[in-house]
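So the structure is just underneath, and the comments pick up after that.
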Amino acid sequence: THIHTGIYDYDERQPEWLESSFDATKWLLTFGKTPKTIHWDCVHLDDGKKLTDTKHRKLLNSFKYWITATDNPLENGGKIISPVVASHKTNRVIALINAILLHSKELKLAKYQLQNVNDD
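Here it is as structure tokens:
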């Protein structure tokens, strides 16, 4: 039955709303009339290096996969969600990523990646 639902056709590196390639340093997300841009290469971590530096590739990819997972049917109990719901979920994830990045120094993000992120 999953062949007919299309959930296995989902490309976690290239959802339909991601206009850029997964590996691009600038992402263009189009859920509606107003596209959203993420400038990954403008983010500096507490070690002074950009998030796009090869040293931080795992962290960057964690953030990217977190965003693309928002409407992945395999992450949503096999359900295909509407673009409106996907947009809301993506905005919440981006807000969480921004909060983590804003606290980069306190979390020692460059050294520990996401290990110091918890619910405290």
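Start counting at 1 in the sequence shown, then tack on 47, and there's your number in my numbering. Built from N, CA and C at the ideal position, the CB exists for glycine as well.
Straight-line gap, residue i to residue j (C-alpha atoms, nearest Å)
i	j	result
His91	Lys152	11 Å
Leu154	Lys96	15 Å
Lys83	Asn138	10 Å
Buried or exposed by the 16-neighbour rule on C-beta atoms within 10 Å, applied to residue i
i	result
Leu143	exposed
Ser134	buried
Lys111	buried
His86	exposed
Assigned secondary structure, residue i (DSSP; H/G/I helix, E/B strand, else coil)
i	result
His150	coil
Thr81	coil
Start-to-end residues for the alpha helix (DSSP H) that takes in residue i
i	result
Thr115	Arg104 to Thr115
Leu156	Leu156 to Tyr159
Whether residue i touches residue j by CB criterion (8 Å)
i	j	result
Phe69	Pro130	no
Ser109	Leu149	no
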